[in-house]
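Here's the structure, in structure tokens; my notes come after.
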Amino acid sequence: MSIFILAGLCEIGGGYLVWLTLREEKPSWVGVLGAIILIGYGVVATWQPANFGRVYAAYGGIFIVMAIIWGWKVDGIVPDRYDLIGGVIALIGMLIIMYAPRNN
Numbered sequence: 069m070s071i072f073i074l075a076g077l078c079e080i081g082g083g084y085l086v087w088l089t090l091r092e093e094k095p096s097w098v099g100v101l102g103a104i105i106l107i108g109y110g111v112v113a114t115w116q117p118a119n120f121g122r123v124y125a126a127y128g129g130i131f132i133v134m135a136i137i138w139g140w141k142v143d144g145i146v147p148d149r150y151d152l153i154g155g156v157i158a159l160i161g162m163l164i165i166m167y168a169p170r171n172n
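Taking my numbering, the leading residue of the sequence shown gets 69, the next gets one more, and so forth.
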């Protein structure tokens, strides 16, 4: 789970820095730093022991919740009940994908 969180911080943080550069006219070095962090996200994701498709599918649930938290804490957008319900559903999906018993 901690690898998912680190990957989420890299993806959301890196994407946010690129966003700031392209949408809010921050200096270009901010966007370059964001791009480097996004490359780090690609590397961190490979540290998971499961296969690629399963890891990325499950990571989506963590990403959704982290994006909601990021929007709240960084951008000041308080999540409403639909954000929270959607986040819980995404986490349940992640748990099923990663921890369901399998025969393979």
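Note that the Cβ used here is the ideal one computed from N, Cα and C, for glycine as well.
Beta-carbon proximity of residue i to residue j, cut-off 8 Å
| i | j | result |
| --- | --- | --- |
| Gly102 | Leu74 | no |
| Gly154 | Ile130 | no |
| Ala126 | Met162 | yes |
| Pro147 | Trp140 | yes |
Separation of residue j from residue i, as counted between CA atoms
| i | j | result |
| --- | --- | --- |
| Phe120 | Ala113 | 9 Å |
| Cys78 | Ala135 | 12 Å |
| Gly144 | Asn171 | 45 Å |
| Thr89 | Pro169 | 44 Å |
| Trp115 | Gly83 | 20 Å |
Proximity to residue i [Cα-Cα], best of the options
| i | options | result |
| --- | --- | --- |
| Ser70 | Ile145, Ser96 and Val123 | Val123 |
| Leu106 | Arg91, Trp97, Lys141 and Gly76 | Gly76 |
Boundaries (first-last residue) of the alpha helix (DSSP H) holding residue i
| i | result |
| --- | --- |
| Met162 | Arg149 to Tyr167 |
| Lys141 | Phe120 to Lys141 |
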